[in-house]
Amino acid sequence: MSKVNDFLTEAGVFFLATTDGDQPKVRPLGAHMEMDGKIIFGVGDFKDVYKQLVANPKTEIVAAKQDGHWLRYTGKAVFETDPKYAEAALEASPNLKSIYNEETGNKLMMFHLEDATAVDIAVMGGGVNLLN
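Numbered by this note's numbering, the letters in the sequence shown go through residues 9 to 140 in order.
The following block contains the structure:
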């Protein structure tokens, strides 16, 4: 997992793909953390992306680094039930506390990918599995 986490950190921005019915949807994200041997991502419970992942948890994350390598991280989104993940994310990014709090009623829903594959692909080459 550390290789995937390091790749996402170096890339900075990455893209999460979902489906809305039969329409693909892709959006940029940047926040992630490695915790308990998993890479954890967060989305707001009031956002379409959350509803799309609940309806169809199959997803893919793609990131590109300046050196021409890109990552394809594919799996099933599994939402965390332990509040420690959201608490850790809010501590790491305090600016999110104005969005996700009791007053707004918005919740930060944390997830990781299961049954995942992660491949580092060079522009002019084959892919390397990052999860073994």
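Virtual Cβ for every residue (Gly too), placed ideally from N, Cα, C.
**Message:** I need the straight-line Cα distance from Pro32 to Gly134, nearest angstrom please.
**Reply:** 26 Å
**Asked** Can you pull the DSSP bridge partners for Tyr81?
**Response** Ile69, Ala126
**Prompt:** Alpha carbon to alpha carbon, how far is Ala96 from Phe49?
**Reply:** 11 Å
**Counted within 10 angstroms of its Cβ, other Cβ atoms place Thr67 as buried (16 or more) or exposed** = buried
**Asked** Do three or more CB pairs link the segment 121-129 to the segment 76-87 at distances below 8 Å?
**Response** yes
**Cβ contact (3+ pairs, closer than 8 Å) linking the segment 9-22 and the segment 85-99** = no
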